[in-house]
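Protein chains in written order, with the numbering used here: chain A, 117 to 673; chain B, 78 to 277. Even glycine gets a Cβ: it sits at the ideal position worked out from N, Cα and C.
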């Protein structure tokens, strides 16, 4: 019997299930930045870690060319960091070096037509075959089954490298390698995606919404495969990590009414014939929030915009929001004060797209959506400061407002917009618990979120409980998150009921943190090993780079 | 069997190496490394003795004993004793961590063993390594300190939680040391330092 969580456990939306229980994050896979694996500043590190999103905007008054992209399976910063150390397996099929992945493409319309395999390059086929433990990608069901046998079943070679007495694969890698593989084969088993683009707030020529046609679209899936060797010798053990990006192509929008200067765009992605994933919330439009800058702020903005130095801008942010951008950004990737949260994303306006980092200063909460003022600057540029209202919904902040920038002889405002990610929202720093919200009502699941980003909150546990009575067990209730912050709201605390396993060992991914024992029946002792036992109220820290293995025994006395 | 120090700060899990005169022996990692925010970070105690009496628990959080002795900051920077001793009622049941000096040679094959949670017996893991160099002073745990170690290369990656595992000769099973430090390689192997059992 698996432990029961009162908030529910569920498998990924796409394919298959995972041995034991499954937990996913609450991250809405919507977003705004273009991932790159080469940039190294702190700000870019933040962007990389949340680069799971959608849209580049290029905009002018009457014609807008919107370039759409979707990071179906992005890379997290920690993953990228490990690649920089050159730890990939250069002997894997297709591998050219220890630092470069094998990259191949699949056309969306070939997925739709079912012809992708015939167009796959021999090199890509060899890589997929190796990742599938020797099963050709022509039989993806067998590939899934073989992978599951190898990695998730006791006795499987991969399983033993995770749960053996001397493991070679850590808990987070285990989660990520399994999830990545399922997302790859899951994608290849679909008929591809279609996207929609809805324009509101302005008159647009032609169809609205625009919906792509999977028989003739130009969507290209770019798949990067990263091999890692964890055991050498005659029976090597290798696993693959993947990064998957869909380039959806460009859409031209024509606005016939020159008097209209602002339009709101909402994009959606769904699998053909399947449930929606990706950008489900189509009402992120910022038009519902009025721009309401006070004259004083307006004036101050002008002054700041003429002072090009970023240090000046940072200093002045304190005046507006009471939050110091530098302090928040440098205090850690997961920063965020009680009233302000760090956002990052893309800023669109005349001339192109700029990366953006800033602070969302909340004014009030209204259910899950909150209004606020978004203040921020373009990292490394020094020429843009953005102040405007924002509407935050789940992890996405979309704002439209005034973008101030200076040029040589005067300061102007231009209409701009920001599609950005709320980092602290994404990682849960504000909730003081964990980012994990076990929500099986979430249609899109956690697709679009880097595996590493999810895994950093998880700890792998393999456990068993021996008990004289199959009805007698105990419970574990989370009391602290992985950073040691107390779970202040008991309703948010994860709670697991542990029941005897009849000799079997179970695998569970728990939110990392501290848990308290409870419900150990009176008259019984719960042994944790030959050397120790615990009472109700005792705590256990569930956090380790490897799988935590516990064999509990309930005994009389 | 994996244990951790769980006082005001918390160490990551490490393998139980063995026992000596009524005390359990763990790698000094449990005093030098912290489990923080889900990651392992270095956290050397600045003054000696600050971690004495910290509880030591097993992977299920059960109290096994308390830190009884460790030498940090080291009394001799050029001969660090990389061990933490734990006062525990169960120490007499754990396998011994002491051994006479073995006639170790280059290319000898060794195996990692771990102490079983329930039987407290030392059990072979099947993970093999070959001795690459004999006992010399090596840099550990920072650039200013040295420790006596063997160099062994194992045939698979090893997680840091494996540190503390027993290293025995494949041929004959004689205890030759404690797995002290691990560095995984891209080719699927692990370069490791092993602290000699006869110095325990």
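Just the Cα atoms here: how many angstroms apart are residue i and residue j?
{"i": "residue 130/A", "j": "residue 289/A", "result": "The predicted position of residue 130/A is uncertain, since its pLDDT is 23 and thus under 50; no value can be drawn from it."}
{"i": "residue 221/B", "j": "residue 154/B", "result": "7 Å"}
{"i": "residue 644/A", "j": "residue 236/A", "result": "52 Å"}
{"i": "residue 654/A", "j": "residue 388/A", "result": "50 Å"}
{"i": "residue 336/A", "j": "residue 234/A", "result": "16 Å"}
{"i": "residue 581/A", "j": "residue 246/B", "result": "35 Å"}
{"i": "residue 140/B", "j": "residue 150/B", "result": "26 Å"}
{"i": "residue 106/B", "j": "residue 97/B", "result": "18 Å"}
{"i": "residue 358/A", "j": "residue 343/A", "result": "9 Å"}
{"i": "residue 617/A", "j": "residue 327/A", "result": "50 Å"}
{"i": "residue 334/A", "j": "residue 365/A", "result": "6 Å"}
{"i": "residue 573/A", "j": "residue 322/A", "result": "46 Å"}
{"i": "residue 136/B", "j": "residue 592/A", "result": "14 Å"}
{"i": "residue 175/A", "j": "residue 230/A", "result": "With a pLDDT of only 36 at residue 175/A, under 50, the local geometry of the prediction cannot be trusted, and no value is derived from it."}
{"i": "residue 165/B", "j": "residue 101/B", "result": "7 Å"}
{"i": "residue 310/A", "j": "residue 299/A", "result": "17 Å"}
{"i": "residue 638/A", "j": "residue 672/A", "result": "9 Å"}
{"i": "residue 315/A", "j": "residue 356/A", "result": "40 Å"}
{"i": "residue 361/A", "j": "residue 157/B", "result": "50 Å"}
{"i": "residue 264/B", "j": "residue 239/A", "result": "21 Å"}
{"i": "residue 577/A", "j": "residue 647/A", "result": "20 Å"}
{"i": "residue 325/A", "j": "residue 368/A", "result": "13 Å"}
{"i": "residue 264/A", "j": "residue 667/A", "result": "24 Å"}
{"i": "residue 244/A", "j": "residue 332/A", "result": "26 Å"}
{"i": "residue 228/A", "j": "residue 222/A", "result": "11 Å"}
{"i": "residue 91/B", "j": "residue 330/A", "result": "53 Å"}
{"i": "residue 117/B", "j": "residue 621/A", "result": "27 Å"}
{"i": "residue 211/A", "j": "residue 218/A", "result": "6 Å"}
{"i": "residue 258/B", "j": "residue 93/B", "result": "14 Å"}
Counting only beta-carbon separations shorter than 9 Å, does residue i have a partner in chain B?
{"i": "residue 349/A", "result": "yes"}
{"i": "residue 661/A", "result": "yes"}
{"i": "residue 352/A", "result": "yes"}
{"i": "residue 612/A", "result": "no"}
{"i": "residue 252/A", "result": "no"}
{"i": "residue 161/A", "result": "With a pLDDT of 21 at residue 161/A, under the threshold of 50, the predicted position of this residue should be treated as unreliable, though the coordinate-derived value follows. Not one chain B Cβ lies under 9 Å of residue 161/A."}
{"i": "residue 345/A", "result": "yes"}
{"i": "residue 246/A", "result": "no"}
How far does the beta strand (DSSP E) with residue i in it reach, from first residue to last?
{"i": "residue 343/A", "result": "336 to 347"}
{"i": "residue 245/A", "result": "Where residue 245/A is concerned, there is no enclosing beta strand (DSSP E), although the alpha helix (DSSP H) it sits in stretches over 238 to 247."}
{"i": "residue 634/A", "result": "629 to 634"}
{"i": "residue 257/A", "result": "That residue, residue 257/A, is in no beta strand (DSSP E); its alpha helix (DSSP H) goes 256 to 268."}
In chain order, what residues of the same chain lie with their CB nearer than 6 Å to the CB of residue i, ignoring the 5 residues before and after it?
{"i": "residue 193/B", "result": "200"}
{"i": "residue 210/B", "result": "228"}
{"i": "residue 277/B", "result": "174 and 175"}
{"i": "residue 168/B", "result": "96, 99, 100 and 101"}
{"i": "residue 261/B", "result": "234 and 267"}
{"i": "residue 340/A", "result": "217, 219 and 359"}
{"i": "residue 297/A", "result": "263"}
Give me, in chain order, the residues of the same chain whose beta-carbon lies closer than 8 Å to that of residue i; leave out the 5 immediate sequence neighbours on both sides.
{"i": "residue 207/B", "result": "184, 185, 186, 187, 229 and 230"}
{"i": "residue 415/A", "result": "For residue 415/A, the pLDDT reaches just 48, beneath the cut-off of 50, and the residue's location in the model is therefore unreliable, although a value from the coordinates is still provided. Here the set comprises nothing."}
{"i": "residue 202/B", "result": "188, 189, 190, 191 and 242"}
{"i": "residue 262/A", "result": "248, 249, 250 and 251"}
Using a Cβ-Cβ cutoff of less than 7 Å, which residues in the same chain neighbour residue i once the five nearest sequence positions on both sides are dropped?
{"i": "residue 278/A", "result": "285, 290 and 663"}
{"i": "residue 122/B", "result": "108, 128 and 149"}
{"i": "residue 86/B", "result": "111 and 120"}
{"i": "residue 583/A", "result": "589, 616 and 670"}
Would you verify that the beta carbon of residue i is, or is not, closer than 9 Å to some beta carbon of chain A?
{"i": "residue 135/B", "result": "yes"}
{"i": "residue 140/B", "result": "yes"}
{"i": "residue 266/B", "result": "yes"}
{"i": "residue 79/B", "result": "yes"}
Just curious, the alpha helix (DSSP H) that residue i is in, first and last residue?
{"i": "residue 277/A", "result": "273 to 279"}
{"i": "residue 300/A", "result": "287 to 304"}
{"i": "residue 228/A", "result": "224 to 229"}
{"i": "residue 109/B", "result": "106 to 109"}
{"i": "residue 621/A", "result": "No alpha helix (DSSP H) contains residue 621/A, which DSSP labels as neither H nor E."}
{"i": "residue 233/A", "result": "232 to 235"}
- prompt: Is the region 232 to 248 of chain B close to the region 282 to 299 of chain A, with three or more CB pairs under 8 Å?
  reply: yes
- prompt: When the Cβ atoms of the region 226 to 233 of chain B are set against those of the region 256 to 270 of chain B, are three or more pairs found closer than 8 Å?
  reply: yes
- prompt: Would you call the region 118 to 133 of chain B and the region 631 to 646 of chain A in contact, with 3 or more CB pairs under 8 Å?
  reply: no
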